[in-house]
Amino acid sequence: IMIFLDDLQWADNMALGLIHAALSDASKITGIFFVGGYRNNEIQEDHAIFSFIDNLESYQIGTTKLDLDGMEEQDVNMMISDALAVFPRNCRALSSALFQKTRGNPLFVIELLESLVKRKIIQYSLRKRRWVWDDAEVSGEEIAENVLHLLTTKMTALPPGTLEALKVASCFGSQISHLTVELLCKSPCYEGLKVALDEAIQEGFLERVRSSEQTFDMTSAKFRHDKIREAAYGRIGANERVRYHHDIGMALYSNIPGFDADANVMLFTTVGQLNRGISLILEYPSEMRISIAEMNCKAGMKAIECSNFESAYKYLKAGIMLLPDGSWNYHQTLCVELYSLLSRAAYALGILDDAFQASKMIIENIKMIE
């Protein structure tokens with residue numbers, strides 16, 4: 016059995032620890048081959064992945080490191096040949112120009128080729144019954160310095176509604192679920208989201224993802240590549256992002272049901288968005304802050320039940336931050352629960368000072384009830 020996990024540069028200690036535990040157990044049996052991929056230009060020297068590799072070797076689990084560069088010029092030539100249905104020799108000059116501009120980055124090659132077709136620099140000739148182009152014109156084209164700039168430029172040409180849908184979807188990471196879309200569409204600000212996402216799928220920025228129990232109308236939308244998601248998120252100004260996450264979180268908060276079983280599936284999604292806009296929520300009335308603090312408390316509890324102490328720690332810290340002045344007098348039960356859970360999560364993570372301070376807060380503030 017081969018297990019392949021990509022984008023490990025985004026994995027946290029908890030995820031890598033789970034992989035390590037699975038591989039340590041798997042070393043006792045044969046027939047399991049694990050492959051992990053990560054971008055070494057997107058991680059620092061202290062990233063958890065390096066200690067993960069060292070730990071595997073300390074358990075005598077053999078590891079092999081391979082550095083993957085861009086495609087060779089010959090590979091780009093074969094790729095262009097297949098795409099345009101011409102002999103490799105007939106597109107060698109074209110593929111050479113694309114290779115020089117992209118340095119063999121596969122996604123960059125594909126996006127650049129699509130861009131040239133859309134701008135009719137490469138077009139299909141009905142008379143000749145094949146794709147035609149001018150090599151000199153292709154070579155003279157001014158191309159974005161990297162794929163991210165190319166994708167950003169490509170997005171600029173989209174209708175405003177479609178671009179806005181991509182920006183909203185990018186706030187959820189690589190994929191936005193159908194349930195999230197349905198809930199957002201109930202809000203007047205996002206009522207056209209589903210239609211706009213369908214347009215983004217037609218434009219090739221997203222693709223449908225459907226599990227076996229989902230119908231076509233229940234499909235989630237996933238970015239075709241993480242660089243596309245990065246480009247979409249980059250369209251949101253750095254000073255706008257807190258407001259974006261806040262507005263999305265509040266739209267979800269307003270439309271999810273109460274704290275029952277049906278809301279559990281959206282709990283983490285909603286709290287995640289709200290917490291990224293927490294600086295704005297701190298300006299809200301006490302009642303709203305307490306309500307969102309309760310959601311963080313519930314999310315933290317569920318994360319601890321799943322042994323996801325790192326996420327639990329973040330939820331509980333956010334919940335405590337949201338507590339208004341005087342909460343120990345009027346919301347003692349919530350305060351005790353938040354601080355006790357934080358103490359557990361911090362202790363599990365080895366953050367002993369936080370664990371001690373959380374326990375101390377309970378001892379100093381709790382009132383005995385006769």
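In my numbering, the protein residues as written are 16 to 385.
Idealized CB from N, CA, C, for every residue including glycine.
By the Cβ neighbour-count rule, HIS164 is exposed, with fewer than 16 other Cβ atoms within 10 Å of its own.
For the set LEU282, MET265, LEU31, PRO300, the Cα lying nearest the Cα of LYS313 is the one of LEU282. Non-local C-beta neighbours of THR285 in its own chain, meaning closer than 8 angstroms and more than five positions away in sequence, comprise GLY264, LEU267, TYR268, ILE271, MET310, ordered along the chain. Leaving aside the five residues that flank HIS260 on each side, the residues in its chain whose CB is nearer than 7 angstroms to its CB run, in chain order, CYS186, GLN288, ARG291, GLY292. The alpha-carbon of SER130 is positioned some 26 angstroms away from that of ILE191. For the options LEU23, GLU379, TYR74, the alpha carbon positioned closest to that of ALA63 is the one of LEU23. A straight line joining the alpha-carbon of ASP149 with that of PRO103 spans about 16 angstroms. Looking at the DSSP output, MET17 shares a beta bridge with PHE48. Taking 4 residues as the minimum length, the alpha helix (DSSP H) runs contained wholly in the segment 313 to 376 are 324 to 337, 342 to 345, 347 to 364, in order along the chain.
Exposed is the label assigned to MET17, since fewer than 16 other Cβ atoms lie within 10 Å of its Cβ. Nearest in C-alpha terms to LEU31, of all of GLU325, LEU208, ALA370, is GLU325. Uninterrupted alpha helix (DSSP H) stretches at least 4 residues long and entirely within the segment 210 to 294 occur at 241 to 249, 256 to 270, 279 to 291, given in chain order.
The beta-bridge partner set that DSSP reports for VAL147 consists of GLN138.
Under the DSSP definition of a beta bridge, GLN89 lacks any partner. Of the other Cβ atoms in all chains shown, 16 or more fall within 10 Å of the Cβ of CYS350; this residue is therefore buried. In the same chain as LEU356, and ignoring 5 residues on each side of it, the C-beta atoms closer than 8 angstroms to its own belong to CYS312, GLY315, MET316, ILE319, ALA327, LEU331, in chain order.
For the pair GLY52 and ASP21, the CB atoms are nearer than the 9 angstroms cut-off. DSSP places ILE58 in the coil class of the three-state scheme, outside both helix and strand. Close CB contacts of SER110 within its chain, under the 6 angstroms cut and outside five residues either way in sequence, are with VAL91, ASN92, ILE95 (chain order). Here the alpha carbons of GLU218 and THR195 stand approximately 21 angstroms from one another.
Counting along the chain, ARG107 sits inside the alpha helix (DSSP H) bounded by residues 107 to 117. In summary, ALA373 is buried, with 16 or more beta-carbon neighbours lying within 10 Å of its beta-carbon over all protein chains present. For ILE125, the enclosing alpha helix (DSSP H) has its first and last residue at 121 to 133.
With a cutoff of 9 angstroms on beta-carbon distance, LEU208 and LEU221 are scored as not near each other. Separation of ALA360 and ALA370 (C-alpha to C-alpha, rounded to the nearest whole angstrom) is 8 angstroms. A direct Cα-Cα distance of roughly 18 angstroms separates GLU379 from LEU367. Going by beta carbons, GLU87 and GLY119 fall inside the 9 angstroms limit. The shortest CA-to-CA distance from PHE114 to any of SER154, GLU302, ALA246, LEU295 is the one to SER154. When DSSP states are grouped into helix, strand and coil, ILE76 belongs to the coil group. Spanning the alpha carbons of VAL183 and LYS143 requires a straight line of approximately 44 angstroms.
For the set GLN75, PHE238, VAL101, the Cα lying nearest the Cα of ILE216 is the one of PHE238.
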